[in-house]
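In this text, residue positions in the sequence shown follow the numbering used here: the first is 10, and each later residue adds one. All residues carry an ideal CB built from backbone N, CA and C; glycine is no exception. Only one structure is covered here, and it is reproduced in the block below.
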Amino acid sequence: RGAAKSNYKAFCAELPDDDARMGVFDEEVIDDDTGAKRNKILFFCWCPDDAKVRSKMLVASAKDHLKKKLPGISGEFGATDKTEMDYGMILERVQRLN
């Protein structure tokens, strides 16, 4: 789990404080009941409050089109600040995905 968290931190570090972005992260999830490992491809929409309106609009308008081009997306997450990108919180939500 340490390497995954480290990779996720690196992913989050690339998100600028003043510009909107979209990103995809591949997370390995271990089923608590069976111990089986599965990969979940996660789609992130990052729109910080300090981003310019134009940037936010471009991300919002392109998001659905891009998601259609990326088969296998297991979950979508939106965030406006780094606290909403907390690894533990994201991991909890990912483990609930079927």
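Counted as a single uninterrupted DSSP element, the stretch harbouring Arg105 is not any beta strand (DSSP E), since DSSP gives it neither H nor E. For the 9 Å CB-CB criterion, Val33 and Phe53 form a contact. About 7 Å separates the beta carbon of Arg102 from that of Gly84, a gap short enough to meet the 8 Å contact definition. In the assembly as shown, Pro80 is an exposed residue. Its beta-carbon has fewer than 16 other beta-carbons within 10 Å.
Within the model, the alpha-carbon separation for Ser15 versus Cys56 is close to 22 Å. Of the other Cβ atoms in all chains shown, 16 or more fall within 10 Å of the Cβ of Val68; this residue is therefore buried. For the stretch 36–64, the continuous beta strand (DSSP E) assignments of 3+ residues that do not extend past its boundaries occur at 46–55, in sequence order.
For Asp35, the closest alpha carbon among the candidates Leu24, Asp73, Ala29 and Arg47 is that of Arg47. DSSP places Glu101 within a helical segment (H, G or I) once states are collapsed to three.
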